[in-house]
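For the sequence shown, the residue numbers in the numbering used here are 15 to 705.
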Amino acid sequence: MAKNLVIVESPTKAKTIKKMLGSNYKVVASVGHIRDLPKSTLGIDIENNFEPKYINIRGKGDIIKSLKKDAKAANKVFLATDPDREGEAISWHLSHILDIEPTAKARVTFNEITKDTVKKQIKSPRSIDMNLVDAQQARRVLDRLVGYKISPLLWKKVKSGLSAGRVQSVVLKIICDREQEIEDFISEEYWSIEATLKKSRKSFLTKYYGTLENGKVKKVDIKNEKQADEILNKVDENNFKVSEIKKGLRKKNPNQPFTTSTLQQEASKKLNFSTKKTMMLAQRLYEGIEVPKEGSVGLITYMRTDSTRISPEALETLLSYIDSNYGKEYSKQNTRSKQKGNVQDAHECIRPTDVNRTPFSLKDSLSRDEFRLYNLIWRRFVASQMQPAIYDTINLSVNSNDEIFKASGSQISFDGFLKVYEIDSEKDNILPDLELNDLLKLKSIEKNQHFTQPPARYNEASLIKLLEEWGIGRPSTYSPIVSTLLSRYYVVLEEKKLIPTELGITVNEILVENFPDIVNEKFTAEMEDELDKVAEGEIQWKSIISEFYDKFEKELLVAEEKIKKVEIRDEVTDIKCEKCGRNMVIKMGRYGKFLACPGFPECRNAKPLVEKINVKCPKCDGDIVVKRSKKGRKFYGCSNYPECDFVTWNKPVDKKCPECNEILVEVNNRKEHILKCNNKTCSYREEVEGD
15 MAKNLVIVES
25 PTKAKTIKKM
35 LGSNYKVVAS
45 VGHIRDLPKS
55 TLGIDIENNF
65 EPKYINIRGK
75 GDIIKSLKKD
85 AKAANKVFLA
95 TDPDREGEAI
105 SWHLSHILDI
115 EPTAKARVTF
125 NEITKDTVKK
135 QIKSPRSIDM
145 NLVDAQQARR
155 VLDRLVGYKI
165 SPLLWKKVKS
175 GLSAGRVQSV
185 VLKIICDREQ
195 EIEDFISEEY
205 WSIEATLKKS
215 RKSFLTKYYG
225 TLENGKVKKV
235 DIKNEKQADE
245 ILNKVDENNF
255 KVSEIKKGLR
265 KKNPNQPFTT
275 STLQQEASKK
285 LNFSTKKTMM
295 LAQRLYEGIE
305 VPKEGSVGLI
315 TYMRTDSTRI
325 SPEALETLLS
335 YIDSNYGKEY
345 SKQNTRSKQK
355 GNVQDAHECI
365 RPTDVNRTPF
375 SLKDSLSRDE
385 FRLYNLIWRR
395 FVASQMQPAI
405 YDTINLSVNS
415 NDEIFKASGS
425 QISFDGFLKV
435 YEIDSEKDNI
445 LPDLELNDLL
455 KLKSIEKNQH
465 FTQPPARYNE
475 ASLIKLLEEW
485 GIGRPSTYSP
495 IVSTLLSRYY
505 VVLEEKKLIP
515 TELGITVNEI
525 LVENFPDIVN
535 EKFTAEMEDE
545 LDKVAEGEIQ
555 WKSIISEFYD
565 KFEKELLVAE
575 EKIKKVEIRD
585 EVTDIKCEKC
595 GRNMVIKMGR
605 YGKFLACPGF
615 PECRNAKPLV
625 EKINVKCPKC
635 DGDIVVKRSK
645 KGRKFYGCSN
655 YPECDFVTWN
665 KPVDKKCPEC
675 NEILVEVNNR
685 KEHILKCNNK
695 TCSYREEVEG
705 D
């Protein structure tokens with residue numbers, strides 16, 4: 015029988031660690047939390063200094079019984095839950111269930127699950143860090159008070175099934191505020207002038223900048239077509255002369271290794287992963303993957319971190335790897351950047367546990383998405399300690415009758431970290447060899463009308479970036495927050511953009527008017543700072559709760575009287591119910607919008623909502639309609655399915671390809687906005703007008 019018991023959260027993690035520790039250790043999983051606040055009641059004794067009333071989680075009885083049995087039979091119990099506040103709290107709850115004193119040396123953490131790290135850490139257990147536990151308790155109690163006190167108010171005043179949350183409500187306000195900015199935005203007209211110039215056989219594009227007055231260049235903003243025409247009339251088409259040349263060097267430094275939030279942002283941009291998917295895949299890579307000749311091993315360090323720190327051992331190995339594989343001219347030991355004020359720097363950045371495990375050496379051991387995420391993490395880590403990329407730059411001014419046009423060019427002279435990690439940056443723009451006072455030939459010149467655009471709606475990546483900048487929430491909470499807003503139908507996700515619904519806007523207005531602190535971004539960020547101070551042992555957690563609740567309780571009493579009943583009416587359609595003849599209404603369900611009879615419960619008729627885009631199917635006489643895959647992704651298909659099998663991921667437009675007469679589809683992403691032919695063998699494409 016094993017002499018020692020190691021308790022972790024995950025069965026996968028247990029399996030990996032068991033193989034590393036051998037027969038003297040039994041490794042079991044608690045499968046997450048075993049104690050929590052009750053779901054049916056508040057679970058906080060407000061009169062008794064906000065004492066939480068923890069209970070064993072329903073359904074965990076057999077696991078608890080098994081843990082007690084294993085602990086009783088073991089000589090030594092190790093609590094090896096995750097190395098963060100949540101993991102510390104789980105270990106504390108386990109110590110309570112198993113009658114282990116929190117001061118006992120039973121707590122171990124693994125920032126990476128490799129054989130050396132696991133064996134090293136198991137030899138030096140510590141006592142439970144009650145400061146971290148208290149920080150987790152404070153967050154849990156605060157969130158419970160807000161959720162369980164405001165949510166019933168929303169049920170009574172708006173509709174059942176709604177919820178409010180301490181961080182969730184702030185995020186909803188941010189999304190609603192952006193929507194209001196877009197609605198209030200007034201577009202302004204402006205114009206640009208572009209001249210394509212030529213020397214010998216090489217042509218290049220210049221853009222109008224301004225005019226020369228008293229020997230100085232004055233920038234000119236072109237407000238209307240009349241002004242643009244006046245400038246064009248001044249230009250001498252036969253007299254374009256190089257008036258200034260500036261050559262220089264520009265450096266582009268690599269980014270730091272990933273933190274949780276930067277990984278979520280980059281995985282969203284580069285891999286099109288949701289935050290939820292990114293964290294799920296990272297969890298697998300951390301807990302252990304079966305690798306030939308090694309067995310099950312953790313491939314990355316712990317994936318919930320705010321730190322960009324690299325351990326000295328990992329840094330030394332990385333620099334040696336860069337020297338050996340790319341050359342010494344590529345390696346550079348960057349000085350560690352100063353961390354932000356509220357960083358939990360208990361562990362390292364997200365990095366490979368061994369840089370010598372290259373992505374392609376593991377390709378056969380990983381699923382496609384696991385490989386893509388590991389490849390991203392590995393390359394970002396390696397690139398972080400490589401030399402900057404160096405560009406040769408040239409900035410050019412061209413004069414025509416004192417009207418100034420400018421052009422800039424750049425070319426990589428040393429690729430540096432770009433050898434490993436691609437970034438979204440300008441491509442090489444090579445200008446011809448030019449000298450001061452060179453005369454240039456005008457190939458073409460044209461004016462273009464533009465209109466200023468409103469601020470963009472948030473997607474998951476841009477929202478996470480903002481939340482991190484403002485210090486709201488923690489990276490590990492971002493994914494569940496967005497999921498909650500979507501599931502409550504406070505926001506919808508259209509083409510990766512987060513858009514508030516009428517319900518979300520209504521709830522936000524109620525919260526803003528009646529609970530200004532709850533939805534105040536600055537207040538929420540300051541609360542995160544307070545929780546950090548609890549984690550550092552600087553303040554007591556119950557004092558935070560008490561100070562918050564004194565004001566919150568008064569706001570609740572006022573809101574109860576002040577908020578009037580709000581009716582959110584379902585959108586009525588002209589579609590008749592086949593069973594009772596009423597006009598059907600649009601409702602929102604778990605899988606999106608659907609049609610339902612307003613006569614419920616007498617009439618229970620419901621059916622899918624067919625959303626037309628006013629484009630006819632190219633294969634038959636049916637209409638193209640919006641559909642959704644099992645994972646919720648939008649696609650387009652024929653209304654006559656299954657008789658007609660036309661389907662496409664891109665939105666069709668009412669326009670035919672001039673080359674093959676196939677229907678055109680719209681491609682709109684961060685790289686391009688074009689119409690292209692839906693026929694894969696046809697290469698026709700065109701820019702979207704006015705984009």
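The C-beta atom is built at its ideal place from N, Cα and C for all residues, glycine as well.
How far does the beta strand (DSSP E) with residue 423 in it reach, from first residue to last?
417-428
Determine the extent of the beta strand (DSSP E) in which residue 463 is found, giving its start and end residues.
453-465
Locate the alpha helix (DSSP H) running through residue 542, then write down its first and last residues.
Note, residue 542: alpha helix (DSSP H), 535-549.
Within 10 angstroms of the Cβ of residue 89, are there 16 or more other Cβ atoms? Answer buried if so, exposed if not.
exposed
Could you tell me the distance, in whole angstroms, from the CA atom of residue 287 to the CA atom of residue 20?
The straight-line gap from Cα to Cα measures roughly 34 Å.
Our contact map puts residue 671 next to residue 696 with C-beta atoms below 8 Å; I'd like the distance itself, whole angstroms only.
6 Å
If we ignore side chains and look at the alpha-carbon of each, how far apart do residue 445 and residue 483 end up?
38 Å
What is the rounded straight-line gap between the Cα of residue 302 and the Cα of residue 47?
Between residue 302 and residue 47, the C-alpha separation is close to 21 Å.
Using C-beta distances below 7 Å, list every residue in its chain close to residue 271, excluding the 5 sequence neighbours before and after it, in chain order.
322, 324, 363, 364, 365, 394, 395, 398
Out of 658, 248, 688, 337, which one is the CA nearest neighbour of residue 664?
688
Let me check understanding here. Comparing Cα to Cα, which of 59, 231, 24, 74 lies closest to residue 43?
Ranking the options by Cα distance to residue 43, first place goes to 24.
Within 10 Å of its beta-carbon, does residue 614 have 16 or more other beta-carbons around it, so buried, or fewer, so exposed?
exposed
What three-state label does DSSP hand residue 235 in the structure shown?
In this structure, DSSP gives residue 235 a state outside helix and strand, which the three-state scheme calls coil.
Quick one: is residue 97 buried, meaning 16 or more other Cβ sit within 10 Å of its Cβ, or exposed?
buried
Buried or exposed for residue 538, please, with buried defined as at least 16 other CB atoms from any protein chain shown within 10 angstroms of its CB.
buried
Determine, using beta-carbon pairs with one atom in the segment 119-138 and one in the segment 63-72, whether at least three such pairs fall under 8 Å.
no
Which parts of the segment 220-266 are runs of the alpha helix (DSSP H), unbroken and 4 residues or longer, counting only runs that do not cross its ends?
239-248
Would you call the CB atoms of residue 221 and residue 208 closer than 8 Å?
yes
Does DSSP put residue 555 in a helix, in a strand, or in coil?
helix
Which of helix, strand or coil does DSSP assign to residue 88?
coil
Under 8 Å, with one C-beta from each stretch per pair, do the segment 162-179 and the segment 567-574 reach the 3-pair mark?
When Cβ pairs closer than 8 Å are counted between the two stretches, the segment 162-179 is seen to touch the segment 567-574, the count reaching three or more.
Residue 624 to residue 639, Cα distance in whole Å?
Rounded to whole angstroms, residue 624 to residue 639 spans 6 Å at the Cα level.
Between the Cα of residue 151 and the Cα atoms of 576, 558, 659, which residue gives the shortest distance?
558
Any contact of the segment 269-285 with the segment 411-428, i.e. 3+ C-beta pairs under 8 Å?
no
State the Cα-Cα distance for the pair residue 521 and residue 172, rounded to the nearest angstrom.
8 Å
Is the distance from the Cβ of residue 433 to the Cβ of residue 211 below 8 Å?
no
Rounded to the nearest angstrom, what separates residue 293 and residue 187 at their Cα positions?
25 Å
Counting only the same chain and skipping the five closest in sequence on each side, list residues whose C-beta sits under 8 Å from that of residue 238.
203, 205
I need the boundaries of the alpha helix (DSSP H) containing residue 482, first residue and last residue.
474-484 is the span of the alpha helix (DSSP H), which, as asked, contains residue 482.
Considering only residues of the segment 61-111, which uninterrupted beta strand (DSSP E) runs meet the minimum length of 3 residues and lie entirely inside it, listed in chain order?
If we require 3 residues or more, the beta strand (DSSP E) runs fully inside the segment 61-111 come out as 90-93.
Hey, out of 72, 76, 38, 179, whose CA is closest to residue 136's CA?
38
Does the structure place the segment 300-316 close enough to the segment 461-477 that three or more beta carbon pairs sit under 8 Å?
no
Are three or more beta carbon pairs between the segment 303-314 and the segment 338-347 nearer than 8 Å?
no
Where does the unbroken alpha helix (DSSP H) through residue 337 begin, and where does it stop?
Following the DSSP letters along the chain, one finds residue 337 inside the alpha helix (DSSP H) bounded by residues 326-340.
What first and last residue would you give for the alpha helix (DSSP H) that runs through residue 499?
489-501
Counting C-beta neighbours from all protein chains within 10 Å, is the total for residue 358 16 or more, i.e. buried, or is it exposed?
Note that residue 358 has pLDDT 42, beneath the 50 cutoff, so the model's placement of it is unreliable and no number is given.
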